[in-house]
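In this note's numbering, the protein residues as written are 7 to 224.
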Amino acid sequence: MKFFLDTANIDEIKRISKLGLVDGVTTNPSIIAKEGRNFEEVIKEICSIVEGPVSAEVIGLKATEMIKEGREIAKWAPNVIVKIPMTEEGLEAVYTLEAENIKTNVTLVFSVAQGLMAAKAGASFISPFVGRIDDIGEDGMKLIKNLRQTLVNYEFKSEIITASIRTIGHLEQAAIAGADIATIPGSLLPKLWKHPLTDNGIEQFLNDWKSVTDKENN
Ligand code: G3P
């Protein structure tokens, strides 16, 4: 399973990259806005740090606008991916850009039907938002399982990015369901590697070790 970071924070990306956990990065307009920096500048900087795919989202809603923006974004770096919302206009943009070898990530996917449309249009990546589905009282992980099965059934090349991950359970269930990628907010990461029994175990080992060395020194 590949791990993407769902952030545009450079310090966070550099820190987590040192752990070998960053296969790519996803952003969206809200994430970019949090950094208070120029969109193009921040995406170019991320692309220079991370070798894998880096998603940058278009703002236009018309296919012609998205295609124009997508062509421009694609010039910023070889590993940049054009993120496009799941609409009719978006599908047209995906189909056109992918035909020009510009990779796309279809975002805001909430149903198998939407995922299937994105795959048919030729999207390289599809981003179902599990957390936001749970927010409305439905089961986000069910979508991951069912979309995964659908793509396998017809051998689509699109990779599933499990997005809007909020909990350790989301990540674990996405892995079990066979999602290609999980995009994880930086705030969740420490919870993934931390466990109270690990911390207790370290403390106990160090205390036992100290009692041996204290005896030796007395
Ligand atoms: O990758 C999509 C993600 O950024 C959305 O997450 O928590 O805003 O639903 P969230």
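All C-beta atoms, glycine included, are put in the ideal place defined by N, C-alpha and C.
> So the beta strand (DSSP E) I132 belongs to, where does it begin and stop?
Replying inline: 131 to 134
> So which of N159, M147, L157 has the shortest CA-CA distance to T226?
Replying inline: The chain is shown from 7 up to 224; residue 226 falls before or after that span and cannot be answered.
> Excluding five sequence neighbours on each side, which residues of the same chain lie with their C-beta closer than 6 Å to the C-beta of E75?
Replying inline: V64, G66
> Which two residues bound the contiguous beta strand (DSSP E) that contains T189?
Replying inline: 187 to 190
> At which residue ranges does the region 80 to 108 contain complete beta strand (DSSP E) runs of 3 or more residues, listed in the order of the chain?
Replying inline: 86 to 91
>> Quick test of the definition: if touching needs 3 or more C-beta pairs under 8 Å, does the region 148 to 157 touch the region 180 to 188?
In response: yes
> Three-state secondary structure (DSSP) at A14?
Replying inline: coil
>> Based on DSSP bridge pairs, tell me the residues matched to T113.
In response: P91
>> In the DSSP output, which residue or residues are listed as bridge partners for G30?
In response: F10
> What do you get for F225, buried or exposed, if any count of 16 or more other CB atoms within 10 angstroms of its CB means buried?
Replying inline: Look at the range of the chain in this structure, 7 to 224, and you will see that residue 225 is not part of it.
>> What would DSSP say about S54, mapped onto helix, strand or coil?
In response: helix
>> Taking the straight line between their C-alpha atoms, what separation do you get for A105 and V28?
In response: 28 Å
>> Can you tell me where the beta strand (DSSP E) holding V60 begins and where it ends?
In response: 60 to 63
> Can you pull the DSSP bridge partners for I166?
Replying inline: I132
>> Between which two residues does the alpha helix (DSSP H) holding K221 run?
In response: 202 to 223
> If you pair each beta-carbon of the region 116 to 129 with each one of the region 88 to 99, do three or more pairs fall below 8 Å?
Replying inline: yes
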